[in-house]
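The listed protein sequences derive, respectively, from chains A and B.
Counting in full-length UniProt numbering, the first sequence runs from 1 upward without gaps.
Counting in full-length UniProt numbering, the second sequence runs from 1 upward without gaps.
Below is one structure, written out as structure tokens; comments come after it.
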Amino acid sequence: MSALSIEHLSIGLPQGADRAFAVEDISFAIEKGEILCVVGESGSGKSMTANALMGLLPPGVTVKSGRALFEARDILRLPEAEKQALRGARIAMIFQEPMTALNPLMRIGEQIAEVFAAHDRFSQQERREKALNLIREVGLPDPEKIIRAYPFQLSGGQRQRAMIAMALALEPKLLIADEPTTALDVTTQAQILKLILDLRDKRGMAVMFITHDFGVVAEIADQVIVMREGSVVERGSAASVLTDPQHDYTRRLLDAIPTGKLPPARAPREVPALEIKGLRKVYRTGGGMFRPVREVRAVDDVSLTVGRGEVLGLVGESGSGKSTLGRTAVRLVTPDGGQVLVGGTDLAALSEEELRKQRHKVQMVFQDPYASLNPRQRIMGALTDGPITKGVPKAQAQARARELLDIVGLGAEAASRFPHEFSGGQRQRIGIARALAMDPELIICDEAVSALDVSIQAQVLDLLRDLRERFDLSILFITHDLRVAAQLCDRIAVMQKGRLVEIGTVHDIFLRPQQDYTRQLLAAVPGADWAKAGAA
Amino acid sequence: MWKRFSSNIGAMIGVVLLLAVIGIALFAPLIFAHTPWQMVQRPFLTPFSMDGLPLGTDTLGRDVASQLAYGARVSLLVGLVSTLVALLIGVPLGALAGFYGNWVDEGAMRFTEFFQTIPNFALAIVLVAIFEPTLASITIAIAIVSWPPVARLVRAEVMSVRKREFVDAARLAGLSRPRILLTQVLPNTVSPIIVMASLMVATAILLESSLSFLGLGDPNAMSWGYMIGAARTVIRSAWWLSFFPGIAIVITVLALNLIGEGLNDALNPHLSRRGKA
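This is the structure in structure tokens:
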């Protein structure tokens with residue numbers, strides 16, 4: 001008998017939503033000891049399905065029809081009291097963002113013990129003992145110390161381990177994991193995935209793993225279902241879905257994934273567009289009368305060059321200083337030392353007033369498409385403010401803006417609209433048009449595609465590739481995702497803890513990495529083996 | 001936004017009440033043949049005892065209904081103008097403090113705290129006592145005691161908006177700092193300011209009434225606070241003299257509060273207290 005079987009489940013959305021059902025007539029089953037990956041892009045209804053199982057649907061969203069059989073009972077129809085007894089004990093859930101899912105004011109040990117307390121199990125002493133064992137089991141270092149730590153004292157990966165410990169506390173039959181590794185670095189992600197695999201083997205629980213990343217699917221899935229706009233479009237074993245997708249949508253998703261396939265190398269560029277020499281930036285925090293100043297070397301003596309017409313990828317994990325480097329290159333952050341040379345001018349040394357006149361030389365495309373456009377300004381304004389300040393006549397700037405909107409694939413009529421009328425991918429196109437409007441010598445893309453769904457990500461990458469050829473753009477492309485970097489970049493620079501670890505052509509970095517850290521990063525990319533098999 | 005506002009029953013009641021009060025204030029000279037200062041009948045006429053004087057007469061035989069209508073003019077005028085003046089002081093100060101930070105912030109905030117450490121009402125009394133008690137001086141006194149919360153609110157809003165990425169983008173576009181503040185940051189702080197302003201009008205009306213009640217009002221302007229103040233000695237024998245202006249204050253302040261809360265829910269849908277999905 002299946003651990004969980006869902007039959008003809010439909011979840012209705014409140015009136016006025018963009019569609020009537022969050023999920024419509026879906027059925028699937030998870031066997032004991034099996035990992036089922038539910039894959040889909042945002043808005044596909046994958047998280048709603050999980051919330052329905054846990055009885056955590058937001059107000060206004062209701063289960064319209066269907067059953068979910070778990071231990072011979074329909075858990076969608078249970079009274080609230082019984083659902084509560086089930087949650088945590090028989091079905092457990094882990095979330096995407098471990099920082100917000102943990103109570104910031106409670107020690108880790110207490111939070112784990114609270115799971116026992118909520119279900120009225122064991123005595124105080126036993127709870128502590130069990131919590132310690134769990135902390136050990138999920139591989140957190142120094143359990144005696146961790147049990148007394150607060151969430152803010154742990155790293156992202158450690159927090160997710162603590163969440164998993166809480167979820168495992170009462171030995172659930174079913175674990176629902178909602179994008180549990182999306183917020184983590186690749187190396188941490190690889191560790192958490194391995195932990196989930198180990199625990200599955202040891203405890204034989206069923207896992208419903210929600211993700212948007214086929215790389216993750218390749219790492220851990222036994223069975224896969226692909227969801228799109230509330231319906232299941234494809235299902236099957238991981239091997240068959242990955243190698244022989246039947247549905248068009250699955251094929252497009254798989255095609256959209258940046259694989260390890262390397263583009264043909266382009267000739268190296270001689271003329272530099274950007275030269276960074278010995279750049280340093282130190283952040284100082286704290287430092288009161290009785291506390292020592294805490295120094296973080298965000299960028300520590302980094303030198304690199306981006307050639308004219310070249311795309312240089314800057315890769316690193318969170319905290320590696322790659323974003324600080326990018327922000328220093330446009331002088332949103334003033335460095336403590338070193339030079340940023342653009343067309344012979346040292347941006348780092350200019351005064352505020354001189355800098356304003358040189359701003360147009362380097363432009364930036366930001367990560368968050370929702371925060372990078374002023375919600376109260378029409379697109380035309382966003383695209384012409386800069387050129388007009390630079391001295392371009394208004395009519396000419398507006399004509400150019402319309403032309404650029406056409407080039408990035410939005411059409412000139414987009415100019416008179418407000419940002420909220422566009423989707424995330426469209427906004428990112430506007431961001432690119434805004435950067436191009438200034439005719440910059442260099443564009444810095446700071447995680448410009450990280451917040452987008454894979455298929456949208458692929459479109460934006462296509463656009464960037466197209467623009468690179470058309471305008472011979474020089475781009476510094478900052479990303480945490482090696483697979484994305486491989487698709488677009490000519491050369492890749494790897495950063496770790498503020499230092500430049502390795503720099504070389506894409507082929508050198510991927511096929512002949514010189515440094516240990518680069519090798520670690522490459523090995524941690526989810527689905528690395530599968531991608532390699534596909535490329536061969 | 002208007003749809004969300006108009007579906008809020010409380011807010012719509014507030015709008016209707018406020019429109020009624022404004023209407024009465026505007027058309028007072030047309031509704032009443034005599035000014036509130038004219039003696040029209042014998043004193044202490046009870047309400048509804050004589051045609052044409054529905055709310056009776058006061059200690060000097062003046063028409064209470066007419067006094068109420070003219071009082072509405074004073075209350076609304078003082079409330080609106082003092083709020084505008086308070087915004088004119090508070091918004092620029094808060095915006096500068098929040099945007100420029102460092103010593104500008106320090107200076108502006110210490111200056112604000114200086115006003116916040118003195119109890120509002122006491123400061124207002126002192127200010128009115130120093131100046132001549134005229135409508136203008138009362139309005140300014142109320143504005144001076146009510147701008148600090150505006151400055152604090154605007155500062156906090158500006159501080160959060162200026163960290164958004166579109167402000168970085170504007171800097172990269174080469175826009176000057178004052179221009180970024182005016183065209184990029186401030187427009188995004190408007191909604192909380194509107195909500196606060198609507199509630200400030202209500203507080204200003206209360207303050208003006210309290211000042212007039214203490215006899216610190218403009219002696220040439222009939223106001224609700226003055227009516228209650230004048231009637232307090234006869235509150236047991238002539239209840240209607242303090243009751244009706246009291247009701248007028250309650251209704252107006254209630255209407256403004258309902259509108260303010262309605263605006264808050266309409267402009268900040270995710271902070272709505274009505275927990276919709």
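Backbone N, C-alpha and C define an ideal beta-carbon position, used for all residues, glycine too.
DSSP beta-bridge partners for residue i?
i         : result
TYR283(A) : VAL296(A)
GLN223(A) : LEU36(A) and SER237(A)
GLU7(A)   : ARG67(A)
MET222(B) : Answer by DSSP bridge pairing: none, since MET222(B) is not bridged.
LYS145(A) : DSSP output for LYS145(A) lists no bridge partner at all.
ARG87(A)  : ILE91(A)
ARG228(A) : SER231(A)
Where do the ends of the alpha helix (DSSP H) carrying residue i lie?
i         : result
THR187(A) : 186–203
PHE471(A) : 454–471
ILE112(A) : 108–118
THR328(A) : 322–329
GLU113(B) : 102–116
PHE166(B) : 165–172
GLN514(A) : First-last for GLN514(A): undefined, no H or E at that position.
MET166(A) : 156–168
Got a sec: is the Cβ-Cβ distance from residue i to anything in chain A below 9 Å?
i         : result
THR252(B) : no
GLN38(B)  : no
PRO187(B) : yes
ALA169(B) : yes
LEU267(B) : no
GLY275(B) : Unreliable placement is indicated for GLY275(B), whose pLDDT of 41 sits below 50; no coordinate value is reported for it.
PHE166(B) : yes
ALA7(B)   : Residue 7(B) is actually Ser in this sequence, not Ala. By this cut-off, SER7(B) is not an interface position.
GLY215(B) : no
GLY101(B) : no
Consider the Cβ of residue i: report whether some Cβ of chain B lies at a distance smaller than 9 Å.
i         : result
PHE21(A)  : no
LEU332(A) : yes
MET364(A) : yes
LEU373(A) : yes
GLY431(A) : yes
ALA414(A) : no
GLN377(A) : yes
ARG434(A) : yes
ASP385(A) : yes
SER5(A)   : no
LYS390(A) : yes
At which residues does the beta strand (DSSP E) containing residue i begin and terminate?
i         : result
GLY337(A) : 337–342
ASP178(A) : 174–178
GLU502(A) : 499–505
ALA349(A) : That residue, ALA349(A), is in no beta strand (DSSP E); it is neither H nor E in DSSP.
THR59(B)  : No beta strand (DSSP E) holds THR59(B); DSSP gives it neither H nor E.
SER123(A) : Premise fails: SER123(A) is in no beta strand (DSSP E) and is neither H nor E.
ALA50(A)  : Per DSSP, ALA50(A) belongs to no beta strand (DSSP E); it is in the alpha helix (DSSP H), 46–54.
ARG491(A) : 491–496
If you measure between the beta carbons of residue i and residue j, is that distance less than 9 Å?
i              : j         : result
TRP224(B)      : VAL74(B)  : yes
ILE112(A)      : MET48(A)  : no
residue 545(A) : SER42(A)  : With chain A covering only 1 through 536, there is no way to say anything about residue 545(A).
MET227(A)      : LYS46(A)  : yes
ARG238(A)      : ALA267(A) : Correcting the residue type first, residue 238(A) is Ala in the shown sequence and not Arg. Their beta carbons are not under 9 Å apart, which means ALA238(A) does not touch ALA267(A) by this criterion.
ILE75(A)       : LYS83(A)  : yes
VAL299(A)      : ARG280(A) : yes
LEU199(B)      : VAL91(B)  : no
VAL330(A)      : LEU206(B) : no
GLY12(A)       : ALA20(A)  : yes
VAL207(A)      : LEU175(A) : yes
ILE135(A)      : ALA177(A) : no
residue 539(A) : ILE108(A) : Nothing can be reported for residue 539(A): it is not among the residues displayed for chain A, which extend from 1 to 536.
SER372(A)      : GLU165(B) : yes
GLY174(B)      : ARG359(A) : yes
For the segment 295–329 of chain A, enumerate the residues whose C-beta is nearer than 9 Å to any C-beta of chain B, in chain order.
-> Of all residues in the segment 295–329 of chain A, ARG327 have a Cβ within less than 9 Å of some Cβ in chain B.
Against chain E: residues of the segment 490–513 of chain A by CB proximity under 9 Å | No chain E appears in the structure shown, which is made up of the protein chains A and B.
Mind checking the segment 337–367 of chain A against chain B and listing, in chain order, the residues whose C-beta falls within less than 8 Å of any C-beta there?
-> ARG356, LYS357, ARG359, HIS360, VAL362, GLN363, MET364, PHE366 and GLN367
Can you list, in chain order, the residues of the segment 85–104 of chain A whose Cβ is nearer than 9 Å to any Cβ on chain B?
-> none
Taking only beta carbons into account, state which residues of the segment 173–203 of chain B come closer than 7 Å to chain A, listed in chain order.
-> ALA173, GLY174, LEU175, SER176, GLN184, PRO187 and ASN188
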